[in-house]
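Participant:
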Amino acid sequence: MALSFLSYTSTPQISQSRQASENDKYAPLYGVWLMDLALHLGWYRPRSPRRWPDIFEDSDFCAMTGLDVDSVEEPERITAGHCLKLLSSQRAKLAKKKLPQSLTLFKNMRLLAGMLNLTDADQAVLTFAAGLSIFSEFHAAISPKSHKTTTDTLCKLLSHLTGIKDSEFHRSFQAESPLVSTGLIKVSKKLCDLEQKVELLSGMQDVMLKPHKSADNLMSHFLRRAAPAQLALDNFPHLKRERDLLVNYLKNAVRNQVSGVNILVHGKPGVGKNQFVQALAEQLNLELFEVAFADKDGDPIKGEDRLRAYAFCQRLLARNNNAMILFDEIEDVFGSGMGFFSMLFGGEDEGDNADSDLSKAWINRTMENNPVPAIWISNKVGQIDKAYLRRFDYSVAFPTPPQEVRASMATYHLDAFEPPQGWIDRLVANEEITPAQFERAAKVARTGSPKDTAKARELVEQVLNRSTSLLGQRNLPKRNIVRTGYSLEWLNTDQPVAKLVEGIKRKARGTFCFYGVAGTGKSELARYMADQIGKPLIIKRASDILSKWVGESEQNIAAMFSEAREQDAVLVLDEADSFLADRRDAQRSWEVTQVNELLTQMEAFEGIFVCTTNLMSRLDQASLRRFAFKVRFDPLKPEQRMALFSQELVRLGGDEADCSAWEQQVARLEQLTPGDFAVAARQFDLWDEPATAGRLYDILKKECEVKGAAPRKIGFGQ
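For the sequence shown, our numbering begins at 1 and goes up steadily by one.
(1) Under 8 Å between the Cβ atoms of Ile384 and Ile263?
(2) Taking C-beta to C-beta, are Leu201 and Asp305 nearer than 8 Å?
(3) Tell me whether Phe629 is buried or exposed, calling it buried when 16 or more other Cβ atoms sit within 10 Å of its Cβ.
(4) Contact between the region 56-66 and the region 117-129 is defined here as three or more beta-carbon pairs at a separation below 8 Å; is this criterion met?
(5) Per DSSP, Ala407 is paired with what?
(6) Run the CB neighbour count on Glu705, radius 10 Å, all protein chains shown included, and call it buried at 16 or more, exposed below.
(7) Measure from the alpha carbon of Leu209 to the alpha carbon of each residue in Arg243, Thr153, Ile134, then state which is nearest.
(8) Take the Cβ of Trp33 as the centre, count every other Cβ of all protein chains shown within 10 Å, and call the residue buried at 16 or more, exposed below.
(9) In whole angstroms, what is the alpha-carbon distance linking Ala576 and Ser617?
(10) Using DSSP bridges, identify the partner residues of Leu394.
(11) Decide yes or no for the touch test of the region 285-293 against the region 317-325: beta carbon pairs closer than 8 Å, at least 3 of them.
(12) Out of curiosity, what's the CA-to-CA distance linking Lys707 and Met409?
(13) Report yes or no: do the region 659-668 and the region 553-566 share at least 3 C-beta pairs separated by less than 8 Å?
(14) With three or more C-beta pairs closer than 8 Å as the rule, is the region 221-236 touching the region 148-163?
(15) With 16 other CB atoms within 10 Å as the buried threshold, where does Leu686 fall?
(16) Which one or two residues does DSSP pair with Asp193 in a beta bridge?
(17) Answer yes or no: do Ala279 and Leu231 have a C-beta to C-beta separation smaller than 8 Å?
(18) Output the distance between the C-alpha atoms of Ala27 and Ala92, rounded to the nearest integer angstrom.
(19) Check whether the Cβ atoms of Glu418 and Thr447 sit closer than 8 Å, and answer yes or no.
(20) Can you tell me where the beta strand (DSSP E) holding Phe633 begins and where it ends?
(21) Quick check for students: name the residue ranges of the beta strand (DSSP E) that lie wholly in the region 204-278, counting only runs of 3 or more.
(22) Could you give the residue range of the beta strand (DSSP E) that holds Trp423?
(23) Could you tell me if Gly272 is buried or exposed, where buried requires 16 or more neighbouring beta carbons within 10 angstroms of its beta carbon?
(24) Any heavy atom of the ligand FMN closer than 7 Å to the beta-carbon of Ser395?
(25) Please name the residue in Gly270, Phe327, Pro674 whose C-alpha comes closest to that of Leu636.
(26) Does Glu731 come out as helix, strand or coil in the three-state DSSP assignment?
(27) In the DSSP assignment, what residue or residues form a beta bridge with Glu290?
(28) Out of Lys186, Asp36, Pro402, state which residue places its alpha-carbon closest to the alpha-carbon of Pro536.
(29) Kindly list the residues whose CB is nearer than 7 Å to the CB of Asp393, restricted to its own chain and excluding five residues on each side of it in sequence; keep chain order.
(30) Let me check one thing: in DSSP terms, what residues is Glu199 bridge-paired to?
(31) Pairing CB atoms from the region 71-79 with CB atoms from the region 49-60, are three or more of them under 8 Å?
(32) Under 8 Å between the Cβ atoms of Ala681 and Asp658?
(33) Specify, as a first and last residue, the run of the beta strand (DSSP E) that Leu573 falls within.
(34) Within 10 Å of its beta-carbon, does Ala498 have 16 or more other beta-carbons around it, so buried, or fewer, so exposed?
(35) So, at 6 Å on beta carbons, what are the nonlocal neighbours of Met560 in its own chain, with the 5 sequence-adjacent residues on each side left out?
(36) Looking at Ala397 and Glu563, is the spacing between their C-beta atoms short of 8 Å?
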């Protein structure tokens, strides 16, 4: 279909004195528009009878219109009538023949018109905006005039240029119009210069002059197909509830063509958010498209332009019933609050309230009417205004994966280096290291030492240590993690622990205070409980929660419970005495508010919460009543000491037959705990030699002496 407003233009004879440029091809259209603006706005009027008007001496204006005053005999007196005659004559030359609609710009215009259902007025606006963005001479010819323009003035000017009613252009500039709602153009609502009034979507200027066979071909400039999923949803067992909900919701939303489907996935960088979304798309058999964050030159695209590109591509993908869009790092878009949308739409003379209302209306329409499901990802959700957060159908707080999941992901990335399990356990013991860091370390190791697996593992550790240092994370443990074989029979408690475990298997809830000397197995029991009911374990320490800033510790306490709730995890608060100290001894108000916040969160938490402490006497007695179970952990009983000694000696490579000779000595270690055996295991691992009964006893004896307990003597004189 022909573009109606092109009937005003023609194809001129291009000068042979210079090589034909892209401007020459479109000069009949933009040249006529420039001359019509000059005639309509009086730019042709001379300021002095001895000097041509500025536009007659403007190289950009003359190049675009073909006007050449040097070839005209200059009159003694330059009048407006003389200038008008010259302009009209040149305009008539350009208007003799119709401009070919086979030019690339117009082909793309028709392609967009078909995809977005653009009116003639819409196409005229888009052509005008394209001219300002694409043809520097067209923009430069208008710019010096500094013609102040309102939206109403622009509509009248475009009507004069094209013959289309100005009321049609008013509709083109409405917020719900295809041009504005898709972000193809940005309209300033403030009084500004003509060339600044309407702006083309960033990157569109290159698109408009490049041939495209289809909408997909055109859309590829703004969207890219996401990389294939490297992991499956089964690699995210800690998000089972989230993935089950999203799979069902998105499957039905796509099948029933539900509009306005928007999911927020947030969490710190590198924890696997993108991999999760890619796995989700693969599970649903959906094509996943990602909003581009860099242009063809590799330069970053601003948040504003990314959102406009997103809105544009939503319309282009509307007919694809098998698509989903991923928009990453949305804090760059929403981070500045309503001010961003003020930039997007400008501001009317009525004041800031008009901008704010328009901004809210735009975001409402965008997130209520998008035809293609969208997954929005944020690394810093706290920077996003709650007015926007409320618009998401569902949000997934993406946590640091639990140790079992981290081990699975680390093995996936590092499997080519034949990793021993102890080495993997040591790497993932640092919960601050993210899956993305494992992936990058594997990349360096594969490249730096492709054949020597031992050297490759050294490179992995080196890369991870540099990465943790750069990010302010804890360094890797220096030794492989060696754990004592765990069993409930090595616990010495004042309550039947096996019965407690059976109870939480039936009803996974309860508050527990585990207290007693260090090494007696308090944290390990919490880990065992989590394993028995198939839930992840979250351990928080005082250093993770306490802050020097007033109010931030309380926020961290709330966030801790929120994280456990999101992961459906067993929550362990180690060093609880740092939080639940007796409030009667409090000297500062914040010491009381921390206790109050913890107790409030405890009451609202429906999962399993465990506090551990070595200093029961320091705890607030009123707070202790909030715990349904208070379990005391004591050192090993005499029969437990020898049984565990025998087990660990064999496990560490020793001879069980040697145990009997040490039975009396081991029985005298009254402060012996399972934790002491863990210390011994680490020492033997470092020496890389099998244990002997005598050496194992010596280590255990020293550990007890460090606690201030001398071995009890057996015999006369006791």
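From the three backbone atoms N, C-alpha and C, an ideal C-beta is built for every residue, glycine too.
Facilitator: Inspection of the coordinates gives the following:
(1) Between Ile384 and Ile263, the C-beta gap is not smaller than 8 Å, which leaves the two residues out of contact.
(2) yes
(3) Exposed, because fewer than 16 other Cβ atoms sit within 10 Å of the Cβ of Phe629.
(4) no
(5) Per DSSP, none; premise fails for Ala407.
(6) exposed
(7) Out of Arg243, Thr153, Ile134, Ile134 has the C-alpha closest to the C-alpha of Leu209.
(8) buried
(9) 12 Å
(10) Here residue 394 is Tyr; the residue named in the question, Leu, does not match the sequence. Partner(s): Ile263.
(11) yes
(12) Answer to the nearest angstrom: the Cα atoms are 39 Å apart.
(13) no
(14) no
(15) Burial check for Leu686: the Cβ neighbour count within 10 Å stays below 16, so the residue is exposed.
(16) Lys148
(17) yes
(18) If you draw a straight line from the Cα of Ala27 to the Cα of Ala92, it comes to about 13 Å.
(19) no
(20) 629-633
(21) 223-225, 262-266
(22) Per DSSP, Trp423 belongs to no beta strand (DSSP E); it is in the alpha helix (DSSP H), 421-428.
(23) buried
(24) As for the ligand FMN, it is missing from this structure, which has no ligand bound.
(25) Pro674
(26) An answer regarding residue 731 cannot be provided, because it is not within the stretch 1 to 718 covered by the chain.
(27) Arg224, Leu326
(28) Pro402
(29) Val261, Asn262, Ile263
(30) DSSP lists Lys186 as the bridge partner or partners of Glu199.
(31) yes
(32) no
(33) 570-573
(34) exposed
(35) For Met560, same chain residues with a beta-carbon under 6 Å away, outside a window of 5 residues either side, are Lys540 in chain order.
(36) yes
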